[in-house]
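To start, the structure under review is shown below, and the notes come after it.
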Amino acid sequence: QMQVVQSGAEVKKPGASVKVSCKASANTFTNYYVHWVRQAPGQGLEWMGIINPSGEFTTYAQKFQDRVTMTRDTSTNTVYMELSSLTSEDTATYYCARDGRNWSNWFDAWGQGTLVIVSS
Amino acid sequence: SLLTQPPSVSGTPGQRVTISCSGSSPNFGTNSVNWYQHLPGTAPKLLIYTNSQRPSGVPDRFSGSKSGTSASLAISGLQSEDEADYYCSAWDDNFNGVLFGGGTKLTVL
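Structure below.
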């Protein structure tokens, strides 16, 4: 059974950084691309980027290009997303999601979401 | 590049409803569309991938189709538990990323 567990909620001040983790059960993430998607309060889903199975390659949405870093630790089946220079507009629930098949861009397993609140 | 969905649709139990998703970018016609169901406070759930494929476990009441620059999600035999937000998505070459539609809120009357 696929199980993806994300780190807990965070409260950050403007200008700070946040690092969200996403850990999968055995074999859930091995050899799969992983995406990050966020949803601001009252808004729709927004794609942030993707990381390849080895962690050596990433593609980020242009909007986040200068502020986001996605990494992964294959030994622990954990993927990380770090977002810097936070503003109130980054208040959102952040999801990691497994790509269904070799960068097919459909997401068949999702984490439960991590709420990040940016407030002074 | 945009994916446009109606903000809301509604139906009564047992009815069939459709949710449309139209793409503004020319490459939308060649890229596959996927659909997700999202209930508040939960993770989105994959309903349809590659235009019309259903993952195991998704009831056959849910079906997807695509023609040209327009895609649709159909839900037949509407049930109260279908009340949720529905999103289409597709890779966009101009955006160089995954685009999501704005979402459609389904209300079961």
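Protein chains in written order, with the numbering used here: chain A, 1 to 120; chain B, 1001 to 1109. The beta carbon of each residue, even a glycine, is placed where N, CA and C say it ideally should be.
query                                                                                                                   : result
Where A/G113 meets chain B, residues with beta-carbon distance less than 7 Å                                            : A1043
Collapsed DSSP secondary structure at B/G1023 in the structure displayed                                                : strand
Environment of A/F64 [buried if 16+ CB atoms lie within 10 Å]                                                           : buried
Alpha-carbon to alpha-carbon, A/T76 and B/F1100                                                                         : 30 Å
The region 46–63 of chain A contacting the region 1006–1025 of chain B, beta-carbon criterion three pairs below 8 Å     : no
Residue-level contact to chain B via CB, A/G44, 7 Å cutoff                                                              : yes
Min CB distance B/V1098 to chain C below 7 Å                                                                            : Chain labels in this structure do not include chain C; the protein chains are A and B.
Contact list for B/T1107 against chain A, beta-carbon separation under 7 Å                                              : Under the 7 Å cutoff, chain A gives no residues; its nearest Cβ is about 17 Å from B/T1107.
Neighbouring residues, chain A, relative to B/L1046 (Cβ below 7 Å)                                                      : W106, F107, D108
Residue burial classification, A/N105 (beta-carbon count within 10 angstroms, cutoff 16)                                : buried
Residue from A/V18, A/G42, A/S25 whose Cα sits closest to the Cα of A/L86                                               : A/V18
Inter-stretch contact at 8 Å, needing at least 3 Cβ pairs: the region 1057–1076 of chain B / the region 4–22 of chain A : no
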